[in-house]
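Taking UniProt numbering, the leading residue of the sequence shown gets 1, the next gets one more, and so forth.
Report on the structure given below.
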Amino acid sequence: MTPFLAFVSPDYSTQIDPNEVAEVFEVPADHILNPKKLYSTKFKLKNTSHRVFAIPYQQHFIWGMTAQIIESMQKHIISN
Numbered sequence: 001m002t003p004f005l006a007f008v009s010p011d012y013s014t015q016i017d018p019n020e021v022a023e024v025f026e027v028p029a030d031h032i033l034n035p036k037k038l039y040s041t042k043f044k045l046k047n048t049s050h051r052v053f054a055i056p057y058q059q060h061f062i063w064g065m066t067a068q069i070i071e072s073m074q075k076h077i078i079s080n
């Protein structure tokens with residue numbers, strides 16, 4: 001997967017497959033790209049330690065692979 005940022009027209013209308021997507025919401029770039037908004041926690045599963053990233057936004061909780069991709073994108077942008 002390759003993350004990307006884009007400018008979206010205010011009148012853009014999403015078309016989702018309800019079998020794959022429960023909800024679509026927007027998060028401002030200044031929130032999603034702010035490393036202070038991202039946190040991680042560790043947990044053990046079957047004697048293996050795992051790190052999970054998360055970004056809370058309003059009533060939403062961005063986590064898992066999506067948050068991990070965002071964390072990677074943040075690092076890339078900050079280092080360049």
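C-beta: ideal position from N, C-alpha, C; glycine also.
Just so you know, these numbers come straight off a predicted model, no measurement behind them.
> Short check: CB of GLN74 to CB of LEU33, under 7 Å?
Replying inline: yes
> Where does THR66 fall in DSSP's three states?
Replying inline: Three-state result, THR66: helix.
> The alpha helix (DSSP H) with ILE32 in it runs from where to where?
Replying inline: ILE32 -> alpha helix (DSSP H) spans 29-32.
> Would you call ALA67 buried or exposed, if buried means 16 or more other Cβ atoms sit within 10 Å of its Cβ?
Replying inline: buried
> Thinking just about the alpha-carbon of each residue, which of HIS76, GLU71, ASN19, PHE61 is nearest to the one in GLU26?
Replying inline: PHE61
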